[in-house]
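Okay, so here's the structure we're looking at.
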Amino acid sequence: MDRDKSAKNVSLLLVEDTKEHAKYTRLLLEKQDYTVNVVPDEETAIETLKQREPDVILMDIMLGNGNGIDFCKKLRKGDKFANIPVILLTSSNDIKTKISGFQAGADDYITKPFKIQELTARIELSVQKKRLAESENRYRNFMQNLNDAVFMLNTQGEMIDLNPYAEKLLGAKKQFLYGNSLFQFFQKDFSREFIKNFETILTGKEVRGVYLRIKNVTGKSIPVEMNGFSRQENGSIIQVQMVMRDITERELLQQEVQRYTTLLEKQVEARTNELNETQRRLIMSEKMGAIGQLAAGIAHELRNPLSIIGASVYYLTRVLSKNENRKIGDHLEIIQNEISRSQKIITNLLDFSRRSSPERESADLNKIIRQTFSILERNLTNHDIETSLNLEPIPLCFINVDEIKQVLLNLLMNAKEAMPGGGVLKVKSHLHDRKHVVIEIQDSGVGMEKDKIEKIFDPFFTTKANQDGVGLGLSLVHSSIKRNQGTISVKSEKRDGTTFYVCLPVATT
Ligand code: ADP
Ligand code: MG
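Residue numbering for the sequence shown follows the numbering used here, starting at 6 and increasing by one per position.
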């Protein structure tokens, strides 16, 4: 069975009207493992062809009611069976017949009587030719429709063939490109890169995924990814094939992704900073809580010895006034002043850390403002501060009265301290919306810069270190207002005074 492998899959159509010849030829061919179909005339031949295309047609020139050469002509002109190889069988050795056979499009001929070896050889040749043509056709089709650019180059790098996509890439028809070197279509650095890879291919190696930028005839720059390999014949390289993929879109996409990533990174960074800031504040307030507790403890402890010292100093003052020692008297006065300053700090600290009773009640806020204001009024006018109260009718507020008094006192004291040379202090109240009342405390004092405003609610922030300031007033104010479900905001300009806005909830009835 291994006798002739190539014959096994080859089918033949024998067009022969002489029965004995047909029978004899078929036997011979079948012995060689060919599949043979025999038909006597053109009509039957067409029918058979329609059913199954043979690899080769063997055609007798002299057919009973027709002529093999004419039939061959018809086949070649039609588009259906034009590619099937035809071998003419002729009994005449007449050169004219042979020529007309070839003109009709026959691929080969053989003179009867033939030797089977000769016939087999001719059949094999035709089959090979047909298969080669088919494979070349397939390849060409493939190239034509490929969405990649395919370049065939000779070993000098000159273009000898290219597919439509390659024409599109370079921006010119192949007639104008044949014989041109491909490397001139790359931008400077990439031209060098291309040549380097071309030389690699000439050593028989393949190159893959090489990034290059084409500069086409219109001057457009196109990014491509190149694969290349060589075609060899008898061990030597005859052609180089380059396949290039236009990666413009991929590149755009990558740029877009890159842009988006950068944006995202920036957003993440901003968000991280925000979080860090929040965390910093949180830690700060926790720390402050702890310090507050500690301070409260210490303050309590210090209160008693301070009172005792105070009492003793008082006693000494009385005794000494009898002896009239002025110098000692002065010192005692200093001690007394310092004691009262210390007591003030302690009171402040305790206020700050005090967990006051959470009791809130419906209260007349305007009344509280008036009361608090009256405590300080004398003090203010003594310091050349002109005051005005402008309180609109407002509903009752739901607040902790003690805490709000403390808040107002702190704000008024700060306002006073902001106007060392005198000025104007205005206090107003009005209904903000149906659920909130706003108190405005406006001074014409020194004002604040922006960076300072950001810090004033921090515990221990003070610009009055050389006076009595401990910097706890506003942080106390802030936490009190928060406990009362209110808010506080501030508007201030350097040298242009400051206004604090305290917003508090109206009592629901
Ligand atoms: P203290 O009054 O002990 O300094 P506060 O917490 O009451 O502490 O105030 C913090 C800081 O805020 C003050 O030192 C001052 O610099 C600033 N400040 C507060 N109120 C005013 C105001 N009305 N005008 C200008 N600065 C103010
Ligand atoms: Mg203060």
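Beta carbons are placed, not taken as given, at the ideal position from N, Cα and C, and that holds for glycine.
(request) Report the rounded CA-to-CA distance for residue 90 versus residue 149, giving the unit in angstroms. (result) 25 Å
(message) Quick check: the Cα distance between residue 34 and residue 121, rounded to an integer number of angstroms?
(response) 8 Å
(message) Please state the DSSP three-state secondary structure of residue 177.
(response) coil
(message) Counting C-beta neighbours from all protein chains within 10 Å, is the total for residue 10 16 or more, i.e. buried, or is it exposed?
(response) With a pLDDT of 44 at residue 10, under the threshold of 50, the modelled position of that residue is not reliable, and the figure given next carries that caveat. Exposed, by the Cβ-count rule.
(message) Tell me which residue opens and which closes the beta strand (DSSP E) that residue 238 is part of.
(response) 226-238
(message) Taking its Cβ as the centre, do 16 or more other Cβ atoms sit within 10 Å of residue 18, making it buried, or is it exposed?
(response) buried
(message) I need the boundaries of the beta strand (DSSP E) containing residue 156, first residue and last residue.
(response) 154-158
(message) Given 6 Å as the limit, tell me if residue 458 has its C-beta closer than that to any heavy atom belonging to the ligand ADP.
(response) no
(request) Whole angstroms is fine: what's the gap from residue 321's alpha carbon to residue 470's? (result) 31 Å
(message) For residue 461, report the span of its beta strand (DSSP E) as first-last.
(response) Here residue 461 belongs to no beta strand (DSSP E), and DSSP marks it neither H nor E.
(request) Might you give, ordered along the chain, the residues of its own chain that have their beta carbon closer than 7 Å to the beta carbon of residue 337, omitting 5 neighbours on each side? (result) 318, 321, 322, 325
(request) Name the residue from 485, 462, 486 whose alpha carbon lies nearest to the alpha carbon of residue 476. (result) 462
(message) Output needed for residue 109: all residues of its chain with C-beta closer than 6 Å, excluding positions within five of it in sequence on either side, in chain order.
(response) 74, 77, 78
(message) Please tell me whether residue 206 and residue 188 are closer than 7 Å, where the distance is taken between their beta carbons.
(response) no
(request) Decide if residue 133 is buried, meaning its Cβ has at least 16 other Cβ atoms within 10 Å, or exposed. (result) exposed
(request) Determine the closest residue to residue 493 out of 136, 441, 499, with distance taken between C-alpha atoms. (result) 441
(request) Just confirm the distance between the C-beta atoms of residue 116 and residue 96, as a whole number of angstroms; I'd bet it's less than 8 Å. (result) 7 Å
(message) For chain B, check one thing: does any of its Cβ atoms lie closer than 7 Å to the Cβ of residue 276?
(response) Absent from the structure is chain B; it holds one protein chain and no more.
(request) Decide if residue 419 is buried, meaning its Cβ has at least 16 other Cβ atoms within 10 Å, or exposed. (result) buried
(request) Spell out a yes or no on whether the region 385-398 and the region 422-436 are touching, meaning 3 or more CB-CB pairs, one atom from each, closer than 8 Å. (result) yes
(request) Quick one: grab the DSSP three-state call for residue 75. (result) helix
(request) May I have a chain-ordered list of the beta strand (DSSP E) segments no shorter than 3 residues that lie completely inside the region 105-130? (result) 113-116
(request) Name, in chain order, the residues that DSSP records as bridge partners for residue 88. (result) Per DSSP, none; premise fails for residue 88.
(message) If contacts are defined as beta-carbon pairs under 8 Å, then residue 183 and residue 165 qualify, I think. What distance do you get, rounded to the angstrom?
(response) 7 Å
(request) Can you give me the Cβ contacts of residue 347 inside the same chain, cut-off strictly under 8 Å, excluding the 5 residues immediately before and after it? (result) 307, 311
(request) For the region 441-509, list the beta strand (DSSP E) runs that are entirely contained and at least 3 residues long, ordered along the chain. (result) 441-448, 492-497
(message) Quick check: the Cα distance between residue 378 and residue 417, rounded to an integer number of angstroms?
(response) 8 Å
(message) Taking the alpha helix (DSSP H) that residue 412 belongs to, which residues open and close that run?
(response) 406-422
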